[in-house]
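This note's numbering applies: residue 896 is where the sequence shown begins, and numbers increase by one.
Here's the structure we're looking at; comments come further down.
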Amino acid sequence: MNRRALIAILILIVSLALSVLLMNRRGSFVKRNTTFSVGPETEVSLITLSSNDRVITLRKTRDGWLVNAAGEASGTAISTLLKTLTGLSIKSPVTDEQFETLVLRENISPVSVRVWSGRRRVISFLVYKTDCNPYGNIMKRTPRSRPFIVSVPGSGDDIGSVFSMYEQFWLPYVIFNIYPSEIESVDVHYTDNDTDSFTLCNPFFSRSEPVGRSCMSGYDTLKVRRYLSYFTGVPLETWAFELEPEKADSIKSSPPLATVTVHLADGTRSLRIWERKVETPEGMEVDHDRVWGMTGESELLLVARYYDVDPLLRRKSYFLR
């Protein structure tokens, strides 16, 4: 074999090697920019969601998941998020024109999602919450990569709602979770009828009567004991995340039906309750199943069932012998 033939063969081998290398790199690049799911075997330890100046940090500990510095996360919310992360799949591509119309013109800020396993970042992507598809949402791996409609096959839920930037979404849906032994006293004030309002001091609380509050006397001890037990595990149905700000302000600026305040050794917990109206074929009518509410720890309105809060709304006469 002469020298020229040998050089030609070497050049051919090098060219083939470079072609294979470039194809592998291109394949890895394509896969990296079209994969949104987390492997089911991945042990997720940290998830961060950020949008504009808001950040949600979900961290796994030995005892469960924590939300920012707010405390224990809702097991249901975390389970739903992890299930969504393992099931994400591309439904269809999004053209540049569609992205311009649905996202850029609407000034939709993405939610940046980062998932970690130990010190290794498993995946990251951007979620653009739009109404373009009832089963999926527009997502991109990076700001410069191609957008896709991403969904969870077999799920009819809006997956965009899973990546919530509201801290309350990730906390247990509970209004009160207080044991009777922790309660010093309870104030219930009715706006329309002050004669039904009362201050009930816990006769089983270890401290003396609260300063500055006149406690009701002549009550039935058994009814008091039962009433104080109602403050353990009082659930809320949902937070009014999507309520128009004008409507929310209108509700909060109106007089509440009742205000419940629980005094503890380390502070107070409160709940204000408003009548809720719903639209029916006959017009706006009072909702006899649910009420608006707002706790002292949040400016967000919540929706609660009458069934769950009604035990707290006793009238003064209930306790009297």
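Glycine residues also receive a C-beta, built at the ideal position from the N, C-alpha and C atoms.
Exercise. May I ask you to report which of helix, strand or coil DSSP gives residue 1203?
Key: helix
Quiz item: If we count Cβ pairs, one from each stretch, closer than 8 Å, do we get three or more for the segment 979 to 997 versus the segment 1045 to 1054?
Solution: In short, these stretches touch, since the Cβ pair count reaches three.
Quiz item: Leaving out five residues before and five after residue 940 in sequence, what residues of the same chain have Cβ atoms less than 7 Å from its Cβ?
Solution: 955, 1011, 1012, 1013
Self-check item: Reduced DSSP secondary structure (H/G/I, E/B, other) of residue 907
Solution: Three-state DSSP puts residue 907 in a helix.
Quiz prompt | Residue range of the unbroken alpha helix (DSSP H) whose run includes residue 1150 | solution = Residue 1150 -> no alpha helix (DSSP H), and no H or E assigned at all.
Self-check item: Residues near residue 1069 in its chain [Cβ-Cβ closer than 8 Å; skip 5 each side]
Solution: Here the set comprises 1128, 1129, 1130, 1131.
Quiz item: Ordered along the chain, which non-local residues of its own chain (more than five positions away) have a Cβ less than 7 Å from that of residue 1063?
Solution: So the qualifying residues of the chain are 1134, 1193, 1195.
Quiz item: Taking all protein chains shown into account, do 16 or more other C-beta atoms lie within 10 angstroms of the C-beta of residue 1122, making it buried, or fewer, making it exposed?
Solution: With 16 or more neighbouring CB atoms inside 10 Å of its own CB, residue 1122 falls in the buried class.
Self-check item: Sufficient close CB pairs (3 or more, under 8 Å) joining the segment 988 to 999 to the segment 1080 to 1094
Solution: Taking one beta carbon from each stretch, the segment 988 to 999 and the segment 1080 to 1094 have fewer than 3 pairs nearer than 8 Å; the two do not touch.
Quiz item: CA-CA distance, residue 1156 and residue 1006?
Solution: Roughly 37 Å separates the two Cα atoms.
Practice problem: Tell me, please, which residues DSSP counts as bridged to residue 1043. | Solution: 988, 1034
Quiz prompt | 8 Å Cβ cutoff met for residue 1091 and residue 1210 | solution = yes
Practice problem: Give me the Cα-Cα distance between residue 1026 and residue 986, rounded to the nearest whole angstrom. | Solution: 15 Å
Exercise. Helix, strand or coil for residue 1023, going by three-state DSSP, please let me know.
Key: strand
Self-check item: Per-residue DSSP class, three states only, for residue 1185
Solution: strand
Quiz item: Under a Cβ-count criterion, where at least 16 other Cβ atoms within 10 Å of its own Cβ denotes burial, should residue 964 be classed as buried or exposed?
Solution: exposed
Quiz prompt | Exposure label - residue 1164; buried when at least 16 CB within 10 Å | solution = buried
Exercise. Leaving out five residues on either side along the sequence, give the residues of the same chain with a beta carbon under 7 Å from the beta carbon of residue 1184.
Key: For residue 1184, the CB contacts under 7 Å within the same chain, skipping 5 residues up- and downstream, are 1200, 1201 in chain order.
Self-check item: Reference residue 1018, options 1073, 978, 928, 1003, closest by Cα
Solution: 928
Quiz item: Within this structure, are the beta carbons of residue 947 and residue 1004 separated by less than 8 Å?
Solution: Yes.
Self-check item: Identity of the residues DSSP links to residue 1085 by a beta bridge
Solution: 1153
Exercise. Tell me whether residue 1042 is buried or exposed, calling it buried when 16 or more other Cβ atoms sit within 10 Å of its Cβ.
Key: buried
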